[in-house]
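As structure tokens, the structure follows; a few thoughts come after it.
Numbering (this note's numbering), first residue to last: -19 to 280.
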């Protein structure tokens, strides 16, 4: 296993940030680590990267104990923290060269990570001149510089525009084929786009740990977007079985949320026919992780 976490607990004063957390991650897995703010995500990542010590339990990264063999862990891990620390007065290449010296990495690797993270056009600038999105790329390039076996990424796409999001997701997905990637994010679409597996933590405890496809197959909440050909009397919606909520999004366009395992589009189509309506468009808008995330993290 590339990451092994065994009964890790950590408290800050009277607040228990992690409560006997256990899981393992194999090489080649891309695991999404999800949870509300304050759930313990960053604390665990800091323990795995030797920035913090746990109060109880044991953690291994690439076979090295995070307490007993910190240097080996640091050489095995590429870490992008949530608040990306950079030397703003250094040029991009200068900063990467500095880190290459720290890791005793060949200078040829600098150009490789610049290309890999899409930094070429900005690599002649000082880091302080870069947008937040490009600063994130510099942080990711630094994490990849020494070609680590394990990548630990805390909110890696913060500040990226939609085009940059796609590019960085592709980078993470590609490097994840030969590495272990453990990333935290609040963006559910990101998890759906790149992760193989999902671990959800809430109040310091693991509440879900499943393969993404299995987790999605268990989601019963469906959101249907439908456009009718004319104005509809909202009282008619009471005829729908398993309808949780509805809202008018634009003119005759409605968003209907159902709790059902079967495809709710057929029910909407039958409803329209039975009530003298035509459906101008009908689509399954989402059957995604947001529903399961809300379910798993709103009980406490």
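Backbone N, C-alpha and C fix where the C-beta goes; we use that ideal spot for every residue, glycine too.
Computed from a predicted structure; not experimentally measured.
Run of the beta strand (DSSP E) containing residue 4, from where it starts to where it stops:
Residue mapping note: residue 4 aligns to position 24 of the chain shown, counting from 1. In the DSSP assignment, residue 4 falls within the beta strand (DSSP E) that extends over -5 to 5.
Residue interval of the beta strand (DSSP E) (run including residue 12):
Position 32 of the chain shown, counted from the first residue, corresponds to residue 12. Segment 10 to 14, the beta strand (DSSP E) holding residue 12.
Going straight from the alpha carbon of residue 120 to that of residue 13, what length do you get?
Indexing the chain shown from 1 puts residue 120 at position 140. Indexing the chain shown from 1 puts residue 13 at position 33. Taking the straight line joining both Cα atoms gives about 18 Å.
Leaving out five residues before and five after residue 0 in sequence, what residues of the same chain have Cβ atoms less than 6 Å from its Cβ?
In the chain shown, the residue the question calls residue 0 occupies position 20. Annotation for residue 0: -13, -11 place their beta carbon closer than 6 Å to its own, counting only its chain and skipping 5 residues before and after.
Span of the beta strand (DSSP E) holding residue 208?
Walking along the chain shown from the start, residue 208 turns up at place 228. Run containing residue 208: 201 to 208, per the beta strand (DSSP E) assignment.
Using the DSSP secondary-structure output, state which residues sit across from residue 39 in a beta bridge.
The sequence position of residue 39 within the chain shown is 59, counting from 1. DSSP lists -15 as the beta-bridge partner residues of residue 39.
Which residues in the same chain have their Cβ closer than 7 Å to the Cβ of residue 29, if we skip the five residues on either side of it in sequence?
Within the chain shown, numbered from 1, the residue matching residue 29 stands at position 49. Residues of the same chain with a CB within less than 7 Å of the CB of residue 29, apart from the 5 flanking positions on each side, are 57, 59, 132 in chain order.
Assuming residue 93 contacts residue 107 under a Cβ cut-off of 8 Å, what Cβ separation, rounded to an integer in Å, is found between them?
Your numbering for residue 93 matches position 113 in the chain shown. Your numbering for residue 107 matches position 127 in the chain shown. Between residue 107 and residue 93 the Cβ distance is about 15 Å, and since that is not below 8 Å, they are no contact.
So, with DSSP's three-state summary, where would you put residue 154?
Reading the chain shown from its first residue, position 174 is the one you call residue 154. Correct three-state label for residue 154: helix.
Taking one C-beta from the region 155 to 174 and one from the region 65 to 72 each time, how about it: are there three or more such pairs within less than 8 Å?
Taking a cut-off of 8 Å on C-beta distances, the region 155 to 174 does not touch the region 65 to 72, as fewer than three cross pairs fall below it.
Around the Cβ of residue 221, are there at least 16 other Cβ atoms within 10 angstroms (buried) or fewer (exposed)?
Along the chain shown, read from residue 1 onward, the residue named residue 221 stands at position 241. Residue 221 comes out exposed.
Just curious, the beta strand (DSSP E) that residue 106 is in, first and last residue?
The residue you call residue 106 lines up with position 126 of the chain shown. Per DSSP, residue 106 lies in no beta strand (DSSP E) and is assigned neither H nor E.
Measure from the alpha carbon of residue 146 to the alpha carbon of each residue in 217, 97, 125, 47, then state which is nearest.
Within the chain shown, residue 146 is the residue found at index 166, counting from 1. Looking at the Cα atoms, 97 is the closest of the given residues.
Candidates 242, 7, 164, of which the one nearest residue 200 by Cα:
Counting from 1 along the chain shown, the entry for residue 200 is found at position 220. The residue with the shortest Cα to Cα distance from residue 200 is 242.
When DSSP builds the beta bridges, which residues end up paired with residue 59?
For the purposes of this step, residue 59 is taken as the residue at position 79 of the chain shown. Answer is 132.
Distance between beta carbons of residue 251 and residue 219, contact taken as under 8 Å
Taking the chain shown and counting its residues from 1, one reaches residue 219 at position 239. Taking the chain shown and counting its residues from 1, one reaches residue 251 at position 271. Going by Cβ atoms, the distance from residue 219 to residue 251 rounds to 7 Å, so yes, they are a contact pair.
Assumed close pair residue 331, residue 27 - CB separation to whole angstroms, cut-off 8 Å
Because the chain spans -19 through 280 in this model, residue 331 falls outside it and cannot be assessed.
I'd like to check one pair, residue 4 with residue 36: are the Cβ atoms closer than 7 Å?
Numbered from 1 along the chain shown, position 56 holds the residue referred to as residue 36. Numbered from 1 along the chain shown, position 24 holds the residue referred to as residue 4. Cβ atoms of residue 36 and residue 4: not closer than 7 Å.
In chain order, what residues of the same chain have a beta carbon less than 8 Å from the beta carbon of residue 179, not counting five sequence neighbours either side?
As a position in the chain shown, residue 179 is number 199, starting the count at 1. 3, 11, 12, 13, 14, 186, 188, 189, listed in sequence order.
Where residue 191 falls: helix, strand or coil (DSSP)
If you number the chain shown from 1, residue 191 lands on position 211. Residue state, collapsed to three classes: strand.
Below 8 Å on the Cβ atoms is my guess for residue 181 versus residue 6; work out the distance and round it to an integer in Å.
Position 201 of the chain shown, counted from the start, is the residue given in the question as residue 181. Position 26 of the chain shown, counted from the start, is the residue given in the question as residue 6. Not really, about 19 Å apart at Cβ, beyond 8 Å.
Using DSSP's beta-bridge definition, name the partner residues of residue 233.
On the chain shown, position 253 is the one that residue 233 refers to. According to DSSP, which records beta bridges pairwise, residue 233 is partnered with 207, 230.
Work out the CA separation of residue 148 and residue 141 for me, nearest whole Å.
Looking up residue 141 in the chain shown gives position 161. Looking up residue 148 in the chain shown gives position 168. If I take the Cα positions, the gap works out to 10 Å.
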